[in-house]
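Each remark here refers to the structure printed beneath this line.
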Amino acid sequence: MFRHALIPLVCLAAAPLSAASVSDCGDRASARFLAEPWEENTATFAEGEVRLAVLDMKEPAGAPSYLVVLSPPYNEVGDRQCKMVEAQPNYGFYQIDLATVEAEQDAETGLTLRIPVTDYADGWKNPPPFPLTVTINQSTGEVTATTD
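Sequence positions in the sequence shown follow UniProt numbering and run 1 to 148.
The structure is reproduced here in structure tokens:
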């Protein structure tokens, strides 16, 4: 009986990273949602080829922050692709901190960014951050995201 009670705990300890949602920007990535101040909520990487921007959509109140990724490849008129990263579809993060992003470039996988984010925690003034890992392959256009 006791051994069976431990099985769920062992499974939790071995659980893989959870995938965050990555989708095309669409209409939700409007400039009116750019978080203020802009200089603290945008960042560039890969010699300016990759730009991140935090959107503050105000709702849902516990998860209003979304990450926009502008990156190669370029389309026929020279626009970069636009991807939105969310905790899950239509549900953002409580906060996204672009001031302390860690970046690493790998020739095979692309640019990997580790971005501190938080989830809403009722009663916590400053919930603890955890890493959102976003990998951008500028050659293929693939953008993936996971949370630890």
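Note that the Cβ used here is the ideal one computed from N, Cα and C, for glycine as well.
These numbers were taken from a predicted model, which means no experiment stands behind them.
- In the structure shown, E39 adopts helical secondary structure according to DSSP, grouped into three states.
- For Y66, the CB contacts under 6 Å within the same chain, skipping 5 residues up- and downstream, are L55, M84, E86, G92 in chain order.
- Residue pairing of E104 in beta bridges, as defined by DSSP: T112.
- For Y74, the uninterrupted beta strand (DSSP E) segment begins and ends at 65-74.
- Non-local C-beta neighbours of E39 in its own chain, meaning closer than 6 Å and more than five positions away in sequence, are absent.
- The continuous stretches of beta strand (DSSP E) do not include R32, and DSSP gives it neither H nor E.
- Using a Cβ distance threshold of 9 Å, L113 and T144 do not count as a contacting pair.
- Take A29, set aside five residues on each side of it, and the residues of its chain with a beta-carbon closer than 7 Å to its own are L55, V68, C82, M84, in chain order.
- Relative to the Cα of A107, the nearest Cα in the group V77, P127, V101, S139 belongs to S139.
- DSSP places A46 in the coil class of the three-state scheme, outside both helix and strand.
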